[in-house]
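Final position of the sequence shown in my numbering is 269; the numbers increase by one with none missing.
Note that beta-carbon positions come from the ideal geometry of N, C-alpha and C, so glycine has one too.
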Amino acid sequence: MLAGSVKAEESEDLEGRDNGEDANGGFAGEGPPAATPQLRISSTFSLAGPAGDAGQAEQAWRQTRSRKARLDSKLGESGNKSRDKAAPRKHRAGNSKAGRHVCQVCGKDWPSAYKLEIHARKHTGEKPYECDVCGKTFSMKHSLEWHTRIHNGEKPYECDLCKKKFVQKGALDRHLRIHTGEKPYKCDVCKKKFAVRSNLVVHMRVHTGEQPYKCDVCKKKFTEKGKLDVHMRVHTGEKPYECDVCGKKFTQKGHRDLHRRLHTGEKP
């Protein structure tokens, strides 16, 4: 016989959880992840009475502990599986932050697969966006949106100084450097300065000898795409610039403008 009453209680300590604390005593979102959730069991047994009753109570108590241990083990496995599933995503995200989306052609890194896909179109020549008006194609959607303003005449960006209008904000920003005289891009070789970065890139080819644009017909090479485009008119016979006085046509705008002076008498 056991005199009196003995209570056995087993309960996980949840104090502080309602205040936003995690299982380790820290606040949610701070420090390492909380430990695997544990099953909460609170049981009370009275061992008063005959010895047989006490034995049965003790046996029931041990069975409860055994069930709790098995459940805790399953919960732990489940938690580990969840973390294992999340791990690859975290790893991939880490790769993205590290810029490990690498172009297989030029080796350049990009912060996302989408930006790498857009970049790859420079190598493949893919231009999936087509203008409904003139049929010109573009590699990026926003480039097509800017282009359509040529047809509808929309020029939402205006210079406050000379009132000239532009299709793109970037074009306005570059234009403003004409007024300010700012030339933030400098050649490391000859120290020549440029208002527009793309002009510096083209200029550097004078020093490197690079001519990345080649005519498919005669194989002649050029430092700028614009020069290749003008050259192609030699083969196609295209003359898009017409004198509004006599109707004579030219392959280049500059040639047409020089010709006009024959009519106006203007001297350079």
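Where residue i sits in the DSSP three-state scheme
| i | result |
| --- | --- |
| Asp230 | helix |
| Val218 | coil |
| Asp110 | strand |
| Val235 | helix |
| Lys193 | coil |
| Lys123 | helix |
| Lys156 | coil |
| Glu131 | strand |
| Glu118 | helix |
| Val103 | strand |
| Thr224 | coil |
| Lys137 | coil |
| Lys249 | coil |
| Lys268 | coil |
| Asp184 | Note on identity: in this sequence residue 184 is Lys, with Asp being the wrong assignment. Coil at Lys184, not helix or strand. |
| Lys165 | coil |
Endpoints, the alpha helix (DSSP H) within which residue i is located
| i | result |
| --- | --- |
| Leu145 | Lys142 to Asn153 |
| Asp174 | Lys170 to Thr181 |
| Arg262 | Lys254 to Thr265 |
| Arg206 | Arg198 to Thr209 |
Integer Cβ distance of residue i from residue j, believed to fall under 8 Å
| i | j | result |
| --- | --- | --- |
| Leu201 | Tyr186 | 4 Å |
| Lys166 | Lys156 | 4 Å |
| Lys226 | Lys215 | In fact, because the Cβ distance is near 11 Å, the residues do not count as touching under 8 Å. |
| Lys142 | Tyr130 | 5 Å |
| His120 | Val134 | His120 to Val134, Cβ: 27 Å. No contact. |
| Phe251 | His260 | 7 Å |
| Leu234 | Lys240 | Sequence check: residue 234 is Arg here, not Leu. That belief holds up - the Cβ atoms of Arg234 and Lys240 are roughly 7 Å apart, short of 8 Å. |
| His236 | Val218 | 5 Å |
| Ser140 | Arg122 | 4 Å |
| Arg206 | Thr224 | 4 Å |
Residue i beta carbon near the ligand SAM (any heavy atom closer than 8 Å)
| i | result |
| --- | --- |
| Tyr115 | Judged by which ligands are present, the structure shown has none, so any question about the ligand SAM falls away. |
Inset, instruction - Mind the definition here: the region 185-193 touches the region 165-177 only if three or more C-beta pairs lie below 8 Å; say whether that holds. - result: With the cut-off at 8 Å, the region 185-193 and the region 165-177 do not touch.
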